[in-house]
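Here the structure comes first, spelled out in structure tokens, and everything after it is commentary.
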Amino acid sequence: GASLNIAYGETAPEDTSKLWIKANEPDKITLKKEVEGAQSVTLLDAHLPGNQYSYVECNMGCARVGTKIYLFGGYDGSFRSNRILMFDTETETITILSTTLPSGREGVSCVTIGTKIYLFGGKTTHSTTGYLSEICVFDTETETIITLSATLPSERSEMGCARVGTKIYLFGGQHYRSSEKEIYVFDTETESITKLSKSLPGGRTYISCASVGTKIYLFGGYDAYRSSTRYDTIYMFDTETEVIETLDATLPTACGCMGCSIIGTKIYLLGGNNLNTINVFDAETETIETLNATLTEACDSMGCATMGNKIYLFGGLSNGYRLNTITKFTLTSPLSQGNIELQTSFLNNVFKLIKTATAQVEIGVENVYIGNENNEAE
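Residue numbers for the sequence shown follow my numbering, beginning at 411 and rising by one.
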């Protein structure tokens with residue numbers, strides 16, 4: 411008997427407090443914490459610009475805003491690119507934007523906050539050391555990019571990064587012939603960066619990161635100076651206490667350069683170091699398992715981003731070759747056609763009571779799914 415603050419239809423409501431669902435009003439709405447079901451991996455018709463195995467950038471920065479995924483820079487084996495690509499998840503097409511990076515670079519760490527994407531460091535041919543300390547901001551609404559006055563305390567690339575609230579945490583990275591272990595926090599409100607007193611247990615580069623609530627999980631990575639030294643460790647960094655701990659769970663294989671993306675409270679780790687496996691880490695139980703689904707090719711150094719119940723992978727390295735493929739991993743849940751499913755937020759309690767004259771219930775929503783003609787959630 412509840413009245414839900416939802417507007418339906420193709421036209422956006424004037425009341426912006428409403429959840430807008432571009433569909434007809436369903437017979438049934440359900441709340442669900444996780445998306446579960448069948449897994450599938452498909453290659454898209456769209457490709458990255460460039461020929462298969464040559465003249466294709468890998469090791470690109472990657473971040474999503476709304477229904478679009480942005481790819482920054484990369485290395486094609488000869489040159490480091492300054493291009494910015496935009497992939498539209500609704501049409502599954504890719505475009506080269508007219509806006510470019512200030513210089514060619516690879517190994518850029520990217521994080522989205524609102525409609526802006528923050529880019530940190532990178533490896534370049536346009537500096538004395540070959541590494542950058544720049545912090546740039548790409549505004550997706552205006553498709554413009556600026557370089558901030560704030561810089562990284564030292565030049566580096568391939569840092570692990572994750573967002574909690576309005577702060578971005580940066581872990582390790584590569585500088586010349588060494589892997590670093592420092593942890594930095596960048597405050598997007600003050601546009602200032604601070605080195606924390608805590609650090610990683612050892613130097614790590616190509617470490618994969620994702621945040622769940624106020625905790626950041628870090629997976630694998632390797633020592634840039636001794637690239638044969640790979641790690642299977644999983645760390646948990648608590649942003650409230652700034653304590654880092656090593657979990658009992660480990661990766662099935664010591665690995666770095668993995669695609670890393672999150673759906674609900676589960677973190678998906680795809681490929682890495684010429685593997686085709688897909689592992690999933692459950693942040694609630696802090697356990698990890700290997701899925702039956704596999705990537706179409708063993709690869710690493712891919713761009714990776716989540717859109718709803720889909721994870722998109724862009725390019726990467728496979729046995730030394732640079733791929734121009736775009737791969738889609740889909741987690742499909744059964745849902746009757748036309749029905750709506752709200753995936754509730756894991757950052758807050760499912761129900762938060764608000765004490766007002768007319769009591770209301772606030773529900774945090776991560777994603778909204780609708781049952782398609784195949785009775786599958788989209």
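Glycine included, each C-beta is placed from N, C-alpha and C at the ideal position.
Counting only the Cα atoms, Ser488 lies some 14 Å from Gly540.
According to DSSP, residue pairing for Leu733 in a beta bridge does not occur. Of the residues Thr510, Gly713, Asn777, the one whose Cα lies closest to the Cα of Ser519 is Gly713. Out of Leu741, Ala693, Thr706, Glu696, the CA that lies nearest to the CA of Thr687 is found in Thr706. Taken in chain order, the segment 657-700 contains no complete alpha helix (DSSP H) segment of 4 residues or longer. Within a 10 Å sphere around the beta-carbon of Ile644 sit 16 or more other beta-carbons, which makes this residue buried.
For the 8 Å CB-CB criterion, Val547 and Leu562 do not form a contact. Between Cys619 and Ala572, the C-beta gap is smaller than 8 Å, which places the two residues in contact. The segment 431-449 makes no contact with the segment 477-491; the number of CB pairs closer than 8 Å stays below 3.
Residue environment: Ile556 is assigned as exposed (fewer than 16 neighbouring CB atoms within 10 Å of its CB, all protein chains considered). Residue environment: Gly682 is assigned as buried (16 or more neighbouring CB atoms within 10 Å of its CB, all protein chains considered). Counting along the chain, Ala572 sits inside the beta strand (DSSP E) bounded by residues 570-574. When beta bridges are read from the DSSP output, Arg566 appears opposite no residue. Rounded to whole angstroms, the Cβ separation of Thr615 and Gly575 is 26 Å, and the two are not in contact under 8 Å. Thr525 is bridged by DSSP to nothing; it lacks a bridge partner. Straight across, the Cα-Cα distance linking Leu606 with Met668 is about 26 Å.
Membership of Gln753 in the beta strand (DSSP E) is indicated by the continuous run 750-754. Note on Ile506: under 16 other CB atoms within 10 angstroms of its CB, so exposed under the neighbour-count rule. Thr552 carries a coil assignment under DSSP once its states are collapsed to helix, strand and coil. The beta carbons of Phe629 and Met569 sit about 14 Å from each other, so the pair does not count as a contact at 8 Å. Here DSSP, grouped into helix, strand and coil, assigns Asn777 to strand. Excluding sequence positions up to five before and after Phe647, its CB lies within less than 6 Å of the CB of Ile626, Ile654, all in the same chain and listed in chain order. Between the alpha carbons of Arg566 and Ile736 lies a distance of about 28 Å. Only residues of its own chain outside the window of five on either side were considered, and among them Val574, Thr624 have a CB closer than 6 Å to the CB of Thr649, listed in chain order.
Between the beta-carbon of Leu680 and that of Phe691 there is about 12 Å, and that puts the pair past the 8 Å contact cut. Proximity to Leu454 across Lys428, Ser491, Met470, Ile504 peaks at Ile504, based on C-alpha coordinates. Looking at the backbone, the Cα of Cys709 and that of Asn684 are separated by about 4 Å. Secondary structure at Lys442: strand, using DSSP grouped into helix, strand and coil.
By the CB criterion at 8 Å, Thr716 and Val451 fall outside the cutoff. Between Leu610 and the set Thr600, Glu599, Ile593, Glu553, the nearest pair of CA atoms involves Ile593. Here DSSP, grouped into helix, strand and coil, assigns Ala634 to coil.
For Phe596, the enclosing beta strand (DSSP E) covers residues 592-597. Distance from the CA of Thr598 to the CA of Asp549, rounded to the nearest whole angstrom, comes to 13 Å. In the three-state scheme derived from DSSP, where H, G and I count as helix and E and B as strand, Gly532 is classed as strand. Straight-line measurement puts the Cα of Ser564 at about 45 Å from the Cα of Ser743.
Cβ-Cβ separation between Leu733 and Val466: approximately 7 Å, consistent with a contact (criterion under 8 Å).
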